[in-house]
Amino acid sequence: MRLTFDDGTLLLEDAPDSVPYAEWDDRVDEYRAQAYRYHDLHQWAAPSSRDQQTLAQATMASEPLEDDARAYSDLALSPAVAIEPRGYQQAALEAWIDHDRRGSVVLPTGSGKTFLAIQSIADAGVSTLVVVPTIDLLNQWHATLTNAFGDQLPDDVGVLGGGSHTITDVTVTTYDSAYRYINEYGDRFGLLVVDEVHHLPAPTYQQIPEMTIAPYRLGLTATYERADDQHEVLEELLGPVVYKEDVDELTGEYLSDYETIHLEVELTTDERNQYEEEYQLYRDYVDSHDFDIWKEGGYQEFLKRSSYDPQGRRALIAKQRAEEIARTAEKKIDTLDNLLKRHYDDRTIIFTANNDFAYEISQEFIIPCITHQTATEERTDLLDRFRTGEYSMLVTSQVLDEGIDVPAANVGIILSGSASKRQYAQRLGRILRPTDDRQPARLYEIIAANTKETYVSQHRRQGVGTDADS
Amino acid sequence: MLTADLARSRTRNGSVEPLFIGPAESRYRETAQQLIDIFEDHIGEPKGDLEETIDQLTIADTDYKIVQGLAKLLTDECEFETVATADPQKIRQALFAKANESYPIVRQPTLGDDTQRLEVYSAVADQLGLSLEECYRGMYADLEDNMLLVRFGDLYVDEYTDEGRSSTTRLTGDSEETYAEDTISVDWLLTRYNLALAQAVLYDATQMRIRVWDHFNTVFSYVKLFGLMHRIYPIDETGEWVDSTDVAAGYEAILDGPASLFSKSRKYGIRMANFLPALPLCDRWEMTAEVLDGDGGSTNSGSLTFELDQTDGLSSHYSAQDEFDSDLERTLAQKWERATTDWELRREDDVLDLGAEVMIPDFAVEHPDGRRAILEIVGFWTPEYLEEKLAKIEAAELDHLLIAVSDRLDCSATDVEKVSDQVLWFKSGIHVYDVVDLAEEYALETDRQKLHSE
Chain A
1 MRLTFDDGTL LLEDAPDSVP YAEWDDRVDE YRAQAYRYHD LHQWAAPSSR DQQTLAQATM
61 ASEPLEDDAR AYSDLALSPA VAIEPRGYQQ AALEAWIDHD RRGSVVLPTG SGKTFLAIQS
121 IADAGVSTLV VVPTIDLLNQ WHATLTNAFG DQLPDDVGVL GGGSHTITDV TVTTYDSAYR
181 YINEYGDRFG LLVVDEVHHL PAPTYQQIPE MTIAPYRLGL TATYERADDQ HEVLEELLGP
241 VVYKEDVDEL TGEYLSDYET IHLEVELTTD ERNQYEEEYQ LYRDYVDSHD FDIWKEGGYQ
301 EFLKRSSYDP QGRRALIAKQ RAEEIARTAE KKIDTLDNLL KRHYDDRTII FTANNDFAYE
361 ISQEFIIPCI THQTATEERT DLLDRFRTGE YSMLVTSQVL DEGIDVPAAN VGIILSGSAS
421 KRQYAQRLGR ILRPTDDRQP ARLYEIIAAN TKETYVSQHR RQGVGTDADS
Chain B
1 MLTADLARSR TRNGSVEPLF IGPAESRYRE TAQQLIDIFE DHIGEPKGDL EETIDQLTIA
61 DTDYKIVQGL AKLLTDECEF ETVATADPQK IRQALFAKAN ESYPIVRQPT LGDDTQRLEV
121 YSAVADQLGL SLEECYRGMY ADLEDNMLLV RFGDLYVDEY TDEGRSSTTR LTGDSEETYA
181 EDTISVDWLL TRYNLALAQA VLYDATQMRI RVWDHFNTVF SYVKLFGLMH RIYPIDETGE
241 WVDSTDVAAG YEAILDGPAS LFSKSRKYGI RMANFLPALP LCDRWEMTAE VLDGDGGSTN
301 SGSLTFELDQ TDGLSSHYSA QDEFDSDLER TLAQKWERAT TDWELRREDD VLDLGAEVMI
361 PDFAVEHPDG RRAILEIVGF WTPEYLEEKL AKIEAAELDH LLIAVSDRLD CSATDVEKVS
421 DQVLWFKSGI HVYDVVDLAE EYALETDRQK LHSE
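Quick note, the sequences are listed as chains A and B, same order. In this text, residue positions in the first sequence follow the UniProt record's numbering: the first is 1, and each later residue adds one. In this text, residue positions in the second sequence follow the UniProt record's numbering: the first is 1, and each later residue adds one.
What follows is the structure, given as structure tokens:
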């Protein structure tokens, strides 16, 4: 029997009719199996001696197997990160290894999932594909993997997605790009790492593990259970949950303290006039229609209307324009200016909620800038220079959170932010660390006074205390 | 093609149909013209400005999906380029390095000194041999918004003049670079838009069933090109299955991909969307696709039907294969004209299913009494290729298939181990009477006579 990788599946040439996991494909007159059966097919063809003894099948004739499917390499990597694994990380790694390097690990946000992944890549010693949900995470993983293994990989860490298309022995990709290209590259990796694995059971994304031959698989998440019970699919495709650490046991332990200062700026007269004009357009529309924008489903109703009602569309644009005026208020730049004067000796990260504003600040104050448009390699380089102290300031429109890839800063300045409670909490907790014990880290939030931002900010702060993970 | 968010379709009674727009309706023609003008006006200008201008069109317009969709198709005909005197990333790096020594770089004067910013830019400009303006503008010239539109259809930027204005040139047919596309016009855009709407419905397709009655060669070349798998059934004029390709008026094919064997997969939807424009190359065709509804869990998503045929007014921008795509075949056809034989040479493209691939022979050789053979011409080959091909033909038990193989190349009959008697070797050209002799020997009795006389 000869095994070949064919467009995301395994073609089993000259297979006996007793071959398991396979379907007869009358289009090519051969048996075909899903790629994730690669490991099972090997087990079937040549059962390990241990299995033979326990199953008393020593006489079973094994099927000679010619493997032309595997296109991944063995690697000898050791992480260049001089951090001792924490107790639970070591325990999780061992549990995963004991389960034949297949399965998911459930760890709370901020507990070093990335670090665990690096340990398992080194342990498995094969080409690895890391699949993550967003471009932000793609960039973060690229930075982290480059830190850990960059010097040991002749072709660097590969990136598939966000405009890059380089496949190397250790490659990071997004769910969307992986779904699109997995049929081409599913034979190139022996270990599949899936971050935020609870997203995987969607029918499309499910094809990522299905079309991969990788015998080793690791899922990572903080929230394994899904309401629709689809996590059972994960057991089939990745393996069972091999380790679980509860949130309570970790909260507070590794998060730093910081002091928050809220600053309000007034809109200029011009801005105020424009703001009122646009915001009024929006309010008038909302008030003259019989849905309550503040109630559940109200905003969805508004969006729906804006897709067929020209006035609704205009109201939506008015709302967006008003928000933009508040977000990029001129006086915010003046306030920033003052803060930079005060903190020029500190390590400062400035957040904006949109790219244009980030670039404006970058050009105005000559500060390195990271947005979702920044190429992954340049982003990693900028963060590296910030980490080593070569750069002391950074402006970004992205969420920089999670573990070891983000270098510590002791001053954070939020120029505008979204209303997402989760995003806010993560921004604060992961980045700010005091430079010395006497002075706590400090976070400034600059808000435009008497605009909707004031409301959003209050709303956000209330959320952080009680429900940081929502 | 359109992005999924720009798709427009309606679902009713288990079937889905794209919301085609009337290419003759004046409001769409006006929008199309307006957009084409905007693109032409923005040649040499930053992409961000172009997009901003397009967005302005949609502020109070609920047809914004149409506007953005049309704009997307025009953008597909564009090239954007970073235009800068020095590598922007180098400029940035130099600036940040310099700036880090000079912080705080702030707006308002502290201790009477507010020139740090200018000093940093000037120092780096000098260091890199740029003007201050080139340094400042070049810093982020590689951002998508700052890239310049350098080509739109067959219009492209010639050169940049000193005033920053650009002059444009229309490419002509005999210039070195020629583009497959016609000059972009309102009709071109609206036709392409309707095709794109149909393609967008297919993004979620799990299987496609096509029926074609002509241009088989072209259609199956595109099936193969886009990596679709197929099961093929010969059909008659009405679309009913028939027993053999010899009496087929057309072909039905079920198209999907390797993993479709295990579960309904929308993975191949994009391939089907890419393939779709091959169908309007046929004079008569039908297409039925199975489209998954909703993106939720597998339990609540049902299947919808999407149907199209030659009456939907779609037209293709793909190219059909030439009627006679090699000199060899044309010469044989001409010689046949002059020869005296009852056998007729027909340009008849049967589709022979050889398992993993189809073979589409070049000719049929037919006798008025209904006898019929098919002829495949092999011009270029290696011994491995030919042996593989012959093995497949043997396996498919096609006894009435004649193969004419060129002997001109380095390889010759002696390099090939197994050669059946159905192979005709030729040196410079194929002789009509050699083919007739073989046809007399191997042709198959068919009731095709009746079909043709109808």
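The beta carbon of each residue, even a glycine, is placed where N, CA and C say it ideally should be. Remember, it's a predicted structure, so these values are computed and weren't measured experimentally.
Counting only C-beta atoms, is residue i closer than 8 Å to chain B at any point?
i                      : result
A:Glu402               : Residue confidence for A:Glu402 is low, a pLDDT of 42 falling below 50, so the modelled location carries little weight and cannot support an answer.
A:Gln340               : Gln is not the amino acid found at residue 340 of chain A; the sequence shown has Leu there. Judged by the 8 Å Cβ criterion, A:Leu340 is in contact with chain B.
A:Met393               : yes
A:Thr134               : no
A:Met211               : yes
A:Tyr38                : no
A:Asp287               : no
A:Phe365               : yes
A:Ile317               : yes
residue 479 of chain A : Residue 479 of chain A cannot be examined here, being either before or after the span of chain A that is shown, 1 to 470.
A:Arg283               : no
A:Glu13                : no
A:Tyr224               : no
A:Pro20                : no
A:Asp17                : no
A:Tyr376               : Rather than Tyr, the amino acid found at residue 376 of chain A in this sequence is Thr. Not an interface residue.
A:Thr4                 : no
Report the option in the options whose CA atom is closest to the CA atom of residue i.
i                      : options                                : result
B:Trp343               : B:His367, B:Arg211, B:Val351, B:Phe226 : B:His367
B:Glu77                : B:Leu132, B:Val16, B:Phe39, B:Tyr121   : B:Phe39
A:Leu191               : A:Asp6, A:Leu339, A:Ile97              : A:Ile97
A:Glu277               : A:Ala315, A:Asp309, A:Ala222, A:Ala124 : A:Ala315
B:Asp309               : B:Leu228, B:Leu402, B:Asp256, B:Leu195 : B:Leu195
B:Glu252               : B:Leu352, B:Gly269, B:Val291           : B:Leu352
A:Ile213               : A:Tyr444, A:Asp29, A:Ala35, A:Ala143   : A:Ala35
residue 513 of chain A : A:Pro79, A:His39, A:Pro85              : Missing from the structure shown is residue 513 of chain A; chain A here goes from 1 to 470 and no further.
A:Gln206               : A:Thr223, A:Asp176, A:Glu184           : A:Asp176
B:Val405               : B:Ala396, B:Glu397, B:His431, B:Asp399 : B:His431
A:Ala441               : A:Gly412, A:Asn450, A:Thr451, A:Gln43  : A:Gly412
B:Thr341               : B:Ala396, B:Gly313, B:Ala439           : B:Ala439
Establish whether the CB of residue i and some CB of chain A are separated by less than 8 Å.
i        : result
B:Phe20  : no
B:Gln89  : yes
B:Glu17  : no
B:Val106 : yes
B:Asp49  : no
B:Glu454 : With a pLDDT of 39 at B:Glu454, under the threshold of 50, the modelled position of this residue cannot be trusted; read the value that follows with caution. No, B:Glu454 does not count as interfacial toward chain A.
B:Glu163 : Summary for B:Glu163: the model assigns pLDDT 46, below 50, so the residue's position carries little reliability; its value from the coordinates is reported in the next sentence. Not one chain A Cβ lies under 8 Å of B:Glu163.
B:Asp61  : yes
B:Tyr103 : yes
B:Gly297 : Confidence at B:Gly297 is low in this model, with a pLDDT of 43, below 50, so its placement is unreliable and the value that follows should be read with caution. So yes, B:Gly297 belongs to the interface.
B:Tyr233 : no
B:Val83  : no
B:Phe275 : no
B:Thr11  : no
B:Val120 : yes
B:Phe80  : no
Are the Cβ atoms of residue i and residue j separated by less than 8 Å?
i        : j        : result
B:Arg346 : B:Asp246 : no
A:Gly186 : A:Gly8   : yes
A:Leu73  : A:Leu238 : The question names Leu, but residue 73 of chain A is Ser in the sequence shown. Taking 8 Å as the Cβ cut-off, A:Ser73 and A:Leu238 do not qualify as a contacting pair.
A:Pro133 : A:Glu63  : no
A:Leu267 : A:Ala448 : yes
A:Thr204 : B:Arg266 : yes
A:Phe149 : A:Leu77  : yes
B:Ala278 : B:Tyr318 : yes
B:Glu79  : B:Arg151 : yes
Residue ranges of each beta strand (DSSP E) within the UniProt domain "Helicase ATP-binding" (94-242) of chain A, 3 or longer: 102-106, 128-132, 158-161, 164-166, 170-174, 191-194, 216-221
Segments of 3+ residues assigned as beta strand (DSSP E) that fall wholly inside the region 24-95 of chain B: 78-81
Between the region 254-266 of chain B and chain A, which residues of the former have CB atoms less than 8 Å from a CB of the latter, in chain order? Gly257, Pro258, Ala259, Leu261, Phe262, Ser265, Arg266
Along the region 137-149 of chain B, where does the CB come closer than 7 Å to a CB of chain A? Name the residues. Met139, Tyr140, Leu143, Glu144
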